[in-house]
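Student: Below are the structure tokens for one structure; questions will follow.
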Amino acid sequence: MAAKVFLRRLNDMSTFNLLQDKLSRLNDTYLSNSCDTNVSRCIDVIELNARVQRELFKLLNLVSAEGGVYGGASTIKARLLPVLSVEASYLNGLLSNTGTDLYPLAWWRYPYSHLRTDAEFLSLANEYEGNLSELELDLRHANVDNARLEAELEQTRAELIDERYKATDEKIFTETELANLRSRLSDAEFRLSLERYKPRS
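If you're matching positions, the sequence shown starts at 693 in this note's numbering and goes up one per residue.
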């Protein structure tokens, strides 16, 4: 429910309306403003948008956490990580561009520190993708372990049934053998339950 509470708080905030208002004011006054003023107001919009994005990433984290360790992992990997990678590459291209479409001096006159973190941004995206890959590998290993334990459990059950039939037909099934098989069955069931419910790091 934490995600729902946070979502309600975001919905009640005026930040999104404020972002639209800033864009509208920039549009209305653009032609009468100086270049420096327009650039400054663009930065205002970018900074406000960055704060909005931080809140949205917090929401994403809370929503995915409700699905457990692997909650939303495949969707994040398929849709979010490519977007982050493209955005980081785009910013890197802006900062390195010295062609005729951008004035070479335009980028060092202003403290665009939030744009200079694209390498860190891309590094974080790659690290997150690596973590997802490790989680997927752990999940596959867990599925293999579960399948092995289930097979062992079924084999023990089959042996117990088989021995019971033999005991009925031949009257040679002893209490010791029965207790041993029951112990093996209980142990297999216990190990299977541990494997299924133990937390995955």
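Using N, Cα and C, we set each Cβ at its ideal position, and we do this for glycine too. Computed from a predicted structure; not experimentally measured.
I need the straight-line Cα distance from alanine 757 to asparagine 725, nearest angstrom please.
Tutor: For the purposes of this step, residue 757 is taken as the residue at position 65 of the sequence shown. For the purposes of this step, residue 725 is taken as the residue at position 33 of the sequence shown. Using only the alpha carbons, I get a separation of about 46 angstroms.
Student: Quick check on the burial criterion: 16 or more other C-beta atoms within 10 angstroms. Buried or exposed for leucine 841?
Tutor: As a first step, residue 841 is located in the sequence shown; it is residue number 149 there, counting from the start. So leucine 841 counts as buried.
Student: Are the beta-carbon atoms belonging to leucine 702 and leucine 751 less than 8 angstroms from one another?
Tutor: Looking up residue 702 in the sequence shown gives position 10. Looking up residue 751 in the sequence shown gives position 59. A contact, by the Cβ cut-off of 8 angstroms.
Student: Under 8 angstroms by Cβ, that's how I've got glutamate 851 and leucine 873 pegged, so tell me the actual separation to the nearest angstrom.
Tutor: Mapped onto the sequence shown, residue 851 falls at position 159. Mapped onto the sequence shown, residue 873 falls at position 181. That pair is a contact at about 6 angstroms.
Student: By the three-class DSSP mapping on this structure, what secondary structure does glutamate 758 have?
Tutor: If you number the sequence shown from 1, residue 758 lands on position 66. In this structure, glutamate 758 counts as coil in the three-state DSSP scheme.
Student: To the nearest angstrom, how far is it from the Cα of valine 755 to the Cα of leucine 718?
Tutor: Sequence index remark: in the sequence shown, residue 755 carries index 63 (1-based). Sequence index remark: in the sequence shown, residue 718 carries index 26 (1-based). Distance between the alpha carbons of valine 755 and leucine 718: 34 angstroms.
Student: Do you know offhand how far serine 875's Cα is from glutamate 881's?
Tutor: To locate residue 875, count along the sequence shown from 1; it is residue 183. To locate residue 881, count along the sequence shown from 1; it is residue 189. Roughly 10 angstroms between the two C-alpha positions.
Student: CB arginine 743 to CB threonine 707, shorter than 8 angstroms?
Tutor: The residue labelled residue 743 in the question sits at position 51 within the sequence shown. The residue labelled residue 707 in the question sits at position 15 within the sequence shown. A contact, by the Cβ cut-off of 8 angstroms.
Student: Pull up the distance between the alpha-carbon of leucine 870 and that of alanine 839, whole angstroms please.
Tutor: Locating residue 870 in the sequence shown gives position 178, where the first residue counts as 1. Locating residue 839 in the sequence shown gives position 147, where the first residue counts as 1. Taking the straight line from one Cα to the other gives about 25 angstroms.
Student: Quick one: residues in its chain with C-beta nearer than 8 angstroms to the C-beta of threonine 848, no 5 flanking neighbours on either side, listed in chain order?
Tutor: In the sequence shown, counting from the first residue as 1, residue 848 sits at position 156. Answer for threonine 848: Leu873, Arg876, Leu877, Ala880, listed in chain order.
Student: Where does the unbroken alpha helix (DSSP H) through lysine 696 begin, and where does it stop?
Tutor: One-based indexing of the sequence shown puts residue 696 at position 4. Note, lysine 696: alpha helix (DSSP H), 694-704.
Student: Over the uninterrupted alpha helix (DSSP H) stretch that includes leucine 894, give me the two end residues.
Tutor: Here the chain has residues from 693 to 893 only, and residue 894 is not among them.
Student: Classify proline 803 as buried or exposed, calling it buried when 16 or more other Cβ atoms lie within 10 Å of its own Cβ.
Tutor: Translated into positions along the sequence shown, residue 803 becomes position 111. Legend: pLDDT at proline 803 = 41, less than 50; position of this residue unreliable, value from coordinates given subsequently. So proline 803 counts as exposed.
Student: By the three-class DSSP mapping on this structure, what secondary structure does serine 726 have?
Tutor: Here residue 726 refers to the residue found at position 34 of the sequence shown. For serine 726, the three-state secondary structure derived from DSSP is coil.
Student: Could you pull out every residue in the same chain whose Cβ sits closer than 8 angstroms to the Cβ of leucine 740, ignoring the five residues on either side in sequence?
Tutor: Mapped onto the sequence shown, residue 740 falls at position 48. So the qualifying residues of the chain are Thr707, Leu710, Leu711, Lys714.
Student: So which of Gly760, Thr729, Leu748 has the shortest CA-CA distance to arginine 700?
Tutor: For the purposes of this step, residue 700 is taken as residue 8 along the sequence shown, with counting starting at 1. Among Gly760, Thr729, Leu748, the Cα nearest to that of arginine 700 belongs to Leu748.
Student: Rounded to a whole number of angstroms, what is the C-alpha to C-alpha distance between asparagine 753 and lysine 769?
Tutor: Mapped onto the sequence shown, residue 753 falls at position 61. Mapped onto the sequence shown, residue 769 falls at position 77. Answer to the nearest angstrom: the Cα atoms are 14 angstroms apart.
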